[in-house]
Amino acid sequence: MKIFKKIPLILVTILIIILGITTFIEAKNGSDFVLKNIYHSWWFIAFFVITTILYVLNYVVQKSYKKNIPMLFIHISICVILLGGFVSFLTSERGEIHIRKGEKMQETNIKLPFEVELKNFKMDYYSGTNSPMDFISEIKIIDNNIETEAEISMNNVAKYKGYKFYQSDFDEDMQGSVLMVTFDFFGTIITYIGYLLLLFSTIWIFFSKSGDYRKLLKKTFIVSVFFLFGISSLSAQKTISKENAEEFGKLSVFYNRRIAPIDTYAKEFVTKIYGKSSYKDFDAVQVFAGWIFYPEEWQFEPMIKIKNSEIKSKLNFKDYISFQELFITREKKLDLFSPQNFNQKGLKEIDEKYNSIFQLSTGKPLKIFPYGNKWLSPTDDLSKINSEDTLFMSSILQIIYETLENNDTALTHNIFEKLHNYQIKKAEQGSISDTKTNVEILYNKYDVVKFLFIINLIFAVLAFVLIILKIFKNKQFCYLNILLFIQLIFSFLLLSACLITRWYISGHVPLSGIYETLVFTVWSVLLFSILFFKKYDVIKFAGFLLTGLLLLVTTFGFISPKITPLMPVLNSPWLIIHVTVIMISYSLFAFTLILSILYFILKIFHKTENLVFKQITNLSKILLYPGIALLAAGIFIGAVWANITWGRYWGWDPKEVWALITLLIYCIPLHEKTLPIFQKDKFYHLFMIIAILSVVMTYFGVSFLLSGMHSYAG
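Numbering (the numbering used here), first residue to last: 1 to 714.
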């Protein structure tokens with residue numbers, strides 16, 4: 001009987017292993033291979049079904065449903081969702097149709113009881129740019145001489161008689177469109193019933209528990225609603241003066257698929273090349289201008305940072321070298337300077353720096369001249385531009401250079417002002433905002449993240465000392481506690497201002513990409529720390545340490561803080577809900593990690609269990625439940641979004657699979673009656689430390705080690 005109770009959990013463990021291995025097989029052999037041989041194979045489906053059935057039987061035999069009715073409904077809802085997915089697999093139809101403008105569908109792998117004609121295909125662009133915001137197909141459905149018109153875009157589905165049309169692709173000449181077509185009547189109904197049951201039972205649990213658990217769940221709910229709805233030596237190098245650099249930095253440039261101030265481009269350029277946002281006494285814009293107007297002098301400055309030790313050793317490079325030194329090395333040692341002789345990642349990094357400098361010195365990436373929704377550089381083909389504009393575009397940089405040579409600061413300032421007025425006049429109305437430019441420059445100037453990670457780690461040490469003193473001396477330090485609370489409030493407000501500023505600059509909620517979601521996670525942790533500051537002493541240490549470490553991670557080179565426009569598929573309100581819920585769940589799991597680490601650290605100092613140890617374990621288990629509930633909700637919200645965008649709930653994408661693995665892993669400690677070992681605090685905390693690896697793999701690993709449709713979120 002005991003082994004029967006454990007069989008479902010054993011099968012779930014095997015399922016976790018299979019899913020994890022399959023994602024790496026997919027990275028090597030492709031999605032079609034794993035879909036055919038694993039996910040859609042008879043043995044995997046049978047294994048999945050058997051595991052579900054045995055789990056349900058075990059739940060019924062143990063009569064667990066009598067003790068917790070809301071949890072019974074959660075299990076029922078999950079079974080209904082899985083049933084809906086299975087019905088969709090058996091009964092749904094799915095295919096693509098290719099149609100050209102003014103013509104009826106030409107290529108199709110799905111049989112339709114009507115005809116479809118493409119009236120028009122167009123792109124929507126971000127204001128004043130040629131960066132796509134959405135792809136739109138206007139179609140006409142002809143059914144027994146009855147015509148019905150519909151519009152399809154990336155997050156807008158057309159429906160007709162149970163069939164759904166999704167924007168999938170388009171022809172390069174913009175005269176044709178590829179539409180995904182699905183028919184899934186029964187599977188959709190069953191799955192949505194499961195989602196509604198899950199929502200109902202989750203809310204039931206939120207308000208059926210008592211004590212700390214109930215308070216935490218209510219506060220978690222309030223937090224989510226609050227966000228969703230409220231929310232140095234002197235140098236002789238030539239360049240422009242600091243006063244003119246300020247004006248030059250305010251000019252607009254098309255960079256990173258958006259209109260940004262040159263200040264942003266300059267800061268990211270210098271940081272990429274040198275590792276810091278300034279060089280000697282020059283700010284980023286001065287260095288940037290130096291490479292544009294005086295490349296022949298700046299090429300001798302040792303400002304190219306070489307990180308790879310192997311390359312430094314073989315080529316006798318110092319930590320910083322000049323462009324001229326790198327150029328000569330590339331010319332004379334071309335065979336040596338090749339991927340087979342060097343670490344490819346280190347070589348690629350140097351090549352990127354070399355190309356960034358070389359391209360900028362030619363003026364090619366300096367797209368500062370708006371022409372409709374396009375932005376041009378002085379080196380672009382200007383033959384189709386009227387003569388007056390052509391003369392201005394081709395000569396303006398030379399004129400600026402001459403004013404610099406003559407040391408005519410006033411005239412240089414005047415030229416920058418004329419160029420700014422030209423940009424406003426020629427750009428699409430409203431696409432350039434002086435207010436937004438000034439806000440972005442202010443945002444660039446103050447590195448809030450770097451400041452907060454340092455100061456919060458310092459306060460984490462202080463909070464840890466207070467915990468130790470309380471254990472051994474049993475004393476309360478009220479003034480220090482007040483100081484900790486003030487710092488939490490200060491960090492929260494500062495980070496809130498940072499997020500709001502990015503929101504204003506980008507025009508979308510800052511929840512896309514690793515950098516923004518990490519910062520939002522820190523924001524969530526700070527909010528939880530403030531809410532439970534008085535109740536739990538350990539929350540002070542956990543909050544400061546966790547926020548400090550997460551903000552430290554955002555400063556790593558592989559995480560880009562660049563602000564970019566949303567891809568068309570992400571331009572949806574579902575993004576806000578999906579990412580918010582997921583990241584709050586991850587922040588709760590991260591809290592359990594820090595609490596578990598704290599548990600073992602304190603064990604070193606104090607072997608005997610006391611109130612602090614009990615507080616750590618209780619708080620960790622309290623946080624675990626809403627973490628799991630929110631992760632499950634986030635996964636299913638993502639499934640609904642996927643159905644709206646791509647016409648399928650689940651595509652076995654690596655990110656989806658690892659999110660499911662994470663959910664299954666964190667659900668295991670909930671079964672402490674079946675697995676009594678989880679009733680032992682030491683084992684529980686050890687498991688929580690190991691479990692966080694699945695979150696790390698889901699959040700970071702998939703983006704950097706694997707591939708898939710969620711890669712853009714990296």
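In this text, a Cβ means the ideal position worked out from N, Cα and C, and glycines have one as well.
Short of 6 angstroms in beta carbon distance, which residues of its chain neighbour residue i, apart from the five on each side in sequence? Order them along the chain.
i: Glu26; result: Val34
i: Phe459; result: Gln487, Phe544
i: Ser224; result: Below a pLDDT of 50, predicted positions are generally treated as unreliable, and Ser224, at 48, falls in that range; no measurement from the model is reported.
i: Asn120; result: Glu138
i: Phe485; result: Phe533
i: Lys312; result: Ile306
i: Gly548; result: Phe453, Asn456, Leu457, Ala460
i: Thr437; result: Lys250, Pro261
i: Asn256; result: Lys562, Thr564
i: Trp464; result: In the sequence under discussion, the amino acid at residue 464 is Phe, which differs from the Trp named in the question. Answer for Phe464: Phe541, listed in chain order.
i: Asn341; result: Low confidence applies to Asn341: its pLDDT is 49, below 50, so where it sits in the model is not reliable, and the reading given next is rough at best. None.
i: Ile715; result: Outside the displayed span of the chain (1 to 714) sits residue 715, for which this structure offers no information.
Taking just the CA atoms, how far does residue j sit from residue i?
i: Thr51; j: Ser512; result: 35 angstroms
i: Leu663; j: Gln286; result: 50 angstroms
i: Gly651; j: Tyr39; result: 10 angstroms
i: Lys159; j: Asp184; result: 12 angstroms
i: Leu411; j: Ile136; result: 47 angstroms
i: Leu9; j: Met133; result: 45 angstroms
i: Ile665; j: Leu483; result: 38 angstroms
i: Glu716; j: Asn155; result: Residue numbering for the chain in the displayed model covers 1 to 714; residue 716 lies beyond these limits and cannot be assessed.
i: Ala629; j: Ala659; result: 13 angstroms
i: Glu151; j: Ile400; result: 49 angstroms
i: Ile193; j: Thr517; result: 30 angstroms
i: Ile637; j: Ile644; result: 11 angstroms
i: Ile622; j: Pro654; result: 29 angstroms
Go to residue i, then tell me how far its beta strand (DSSP E) extends in each direction, as first and last residue.
i: Tyr125; result: 115-125
i: Arg648; result: Careful: Arg648 lies outside any beta strand (DSSP E) and carries neither H nor E.
i: Pro378; result: Counting along the chain, Pro378 falls outside any beta strand (DSSP E), and DSSP gives it neither H nor E.
i: Pro261; result: 258-261
i: Val157; result: From DSSP, Val157 is part of no beta strand (DSSP E); its letter is neither H nor E.
i: Gln167; result: 163-170
Looking at the structure shown, is residue i part of a helix, part of a strand, or coil, going by DSSP?
i: Met133; result: strand
i: Lys276; result: coil
i: Thr390; result: helix
i: Leu19; result: helix
i: Val12; result: helix
i: Tyr354; result: helix
i: His98; result: strand
i: Thr182; result: strand
i: Thr564; result: coil
i: Phe282; result: strand
i: Asp434; result: helix
i: Thr271; result: helix
i: Ile142; result: strand
i: Lys305; result: strand
i: Ser321; result: The identity of residue 321 in the sequence shown is Ile, whereas the question assumes Ser. Note: Ile321 maps to strand in three-state DSSP.
i: Thr148; result: strand
By the DSSP assignment, the alpha helix (DSSP H) with residue i in it spans what residues?
i: Tyr371; result: First-last for Tyr371: 369-371, but that is the beta strand (DSSP E), not the alpha helix (DSSP H).
i: Ala719; result: Outside the shown range of the chain, which is 1 to 714, sits residue 719, and nothing can be said about it.
i: Asp681; result: 681-696
i: Leu760; result: Beyond the ends of the chain as shown, which are 1 and 714, falls residue 760; an answer cannot be given.
i: Asp653; result: Segment: none, Asp653 is in no alpha helix (DSSP H) and carries neither H nor E.
What does residue i pair with, by DSSP beta-bridge criteria?
i: Leu545; result: Partner(s): none; Leu545 has no beta bridge.
i: Gly176; result: Arg100
i: Val253; result: Ala260
Heavy atom of the ligand HEM less than 6 angstroms from the Cβ of residue i, yes or no?
i: Gln324; result: Ligands in the displayed structure: none, and consequently the ligand HEM is not present.
Residues in the same chain with beta-carbon distance under 7 angstroms from residue i, minus the five sequence neighbours each way, listed in chain order, please.
i: Ile357; result: Ile273, Trp291, Phe323
i: Lys238; result: Gly290, Tyr294, Glu297
i: Tyr586; result: Thr521, Val695, Tyr699
i: Phe186; result: Val87, Thr91
i: Ile582; result: Leu631, Gly634
i: Lys367; result: Val253, Phe254, Trp375, Leu376, Ser377
i: Ile616; result: Val538, Leu595, Leu598, Tyr599
i: Leu552; result: Phe453
i: Asn109; result: Gly95, Glu96
Looking only at its own chain, which residues have a Cβ that is under 8 angstroms from the Cβ of residue i, when we skip the five neighbours before and after it?
i: Val448; result: Leu494, Leu495, Ala497, Cys498
i: Gln679; result: Glu672
i: Tyr504; result: Lys436, Val439
i: Thr362; result: Thr379
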